[in-house]
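Notes follow the structure.
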Amino acid sequence: MSEDLESQLRAALTPVAPRAEFTQRLIARVTADKGTEPNARGIRRRSPRATAWWLSASMAASLLIAVGVQHYRQERREAERGLEARREVIEALRMTSQKLNLAYEVIKDQSSLPAEDKPGV
Amino acid sequence: MPFAGNSLTLNEAPPGFSDEQLAKARAGDTAALASLIQAHQRSVYSLALRLLGSRELAEDLTQEVFMQLNGNLKSIASNTHLLFWLRKVTSNRAIDQLRRRSRIEMTPLDNEILFTSGADGSDPLLQRHLQQLLLELSPPARAVLLLRYQEDLDPVDIAQTLEMPINTVKSHLKRSLEILRQRTPDPERSRCEDKSI
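Protein chains in written order, with numbering that gives the first Met the number 0: chain A, 0 to 120; chain B, 0 to 196.
Laid out in structure tokens, this is it:
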């Protein structure tokens, strides 16, 4: 049965020819497709026009990205400058407040002394 | 196992196409390229047809394979290499297509695929039955069986063509033949049953 099945399989799987019109169409298509044949990975090569389009599109995209990056960096620089200025203002206010406190303490101490102890009396 | 059929082995060039013609096709000779297509289209188309189960899909795949070959012709060193390349690309592309197809989608039973040779006194009904059973096997098992019995490759060549371990090829062959045997009526037994009626 095994050899019989195998010989039946071989008979059943005899190669069949495609339709004659398909063969003609295939030959015409493949021989005419010299310029746009697929490469080794099966990917079609682009026509020069498509290549030019892709080139200009990628250049435009690169330009946009560069402008975007520049804009972002400038914004960031300005934000950093703003933060630095804020820090400086806070520091100045803190120092002023310390000096005012000191002056207040001096005035308070002088006003609490007896009259003969006050300087200039 | 020797095979007296008309298919080609891995190391056999198809009749009517020589290495010189291949060199001409590589050099851009359109007539040589046409001869190459005529010499190999039968094998490529039959593989595609029996793997995909539809004439339209098989024609599309055959065209894609030859277009890809046209782009890779410079890398083809000999007729042996050409045969190997065609079988490999056809089988792999067909298996990929079958994997992409929805599991719900049924494989159409194209009339052309149920082609019966009627040669060697073989049973045409049994041939049709075997072809239908073949379409029910998994894509890799189907490819293994086709390369073995349609293209007459031995398991080592099948393993190289499908980039599959040799033991996987052997187990596919064994399991598929077992399935076919279980689901195929034994003509001897049928004859005995006929006589007993």
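Ideal placement from N, C-alpha and C gives every residue a C-beta, glycine not left out. This structure is a prediction, so every number in the text was calculated from the model and none was measured.
Through-space distance from residue 152 of chain B to residue 167 of chain B, alpha-carbon basis: 15 Å
Three-state class that DSSP yields for residue 49 of chain B in the structure shown: Residue state, collapsed to three classes: helix.
If you follow the alpha helix (DSSP H) that residue 16 of chain B is in, where does it begin and where does it stop? That residue, residue 16 of chain B, is in no alpha helix (DSSP H); it is neither H nor E in DSSP.
Between the segment 21-33 of chain A and the segment 154-172 of chain B, do three or more beta carbon pairs fall short of 8 Å? no
Quick check on residue 45 of chain B - is its C-beta less than 7 Å from some C-beta in chain A? yes
Cα separation between residue 91 of chain A and residue 85 of chain A? 10 Å
Within 10 Å of its beta-carbon, does residue 61 of chain B have 16 or more other beta-carbons around it, so buried, or fewer, so exposed? Of the other Cβ atoms in all chains shown, 16 or more fall within 10 Å of the Cβ of residue 61 of chain B; this residue is therefore buried.
Please list the terminal residues of the continuous alpha helix (DSSP H) segment that includes residue 74 of chain B. Where residue 74 of chain B is concerned, there is no enclosing alpha helix (DSSP H), given that its DSSP letter is neither H nor E.
Own chain residues within Cβ distance below 8 Å of residue 113 of chain A, not counting five before or after: There are no such residues.
DSSP three-state call for residue 193 of chain B: helix, strand or coil? With a pLDDT of only 41 at residue 193 of chain B, under 50, the local geometry of the prediction cannot be trusted, and the value read off the model is given with reservation. In the structure shown, residue 193 of chain B sits in a helix (DSSP, three-state: H, G or I).
Exposed or buried, which one is residue 160 of chain B when buried takes at least 16 other CB atoms within 10 Å? Counting every other CB atom within 10 Å of its CB across the protein chains shown gives residue 160 of chain B a total of 16 or more, marking it as buried.
Which bits of chain B does residue 14 of chain A rub up against, with CB to CB less than 7 Å? 6, 41, 42, 45, 149
Contact check, residue 66 of chain A vs residue 45 of chain B, beta carbons under 7 Å: no
Would you verify that the beta carbon of residue 47 of chain A is, or is not, closer than 7 Å to some beta carbon of chain B? Chain B, which has no Cβ nearer than 7 Å to the Cβ of residue 47 of chain A, makes this no.
Short check: CB of residue 28 of chain B to CB of residue 78 of chain B, under 7 Å? no
If the cut is a Cβ gap below 7 Å, which residues of chain A does residue 125 of chain B touch? 7
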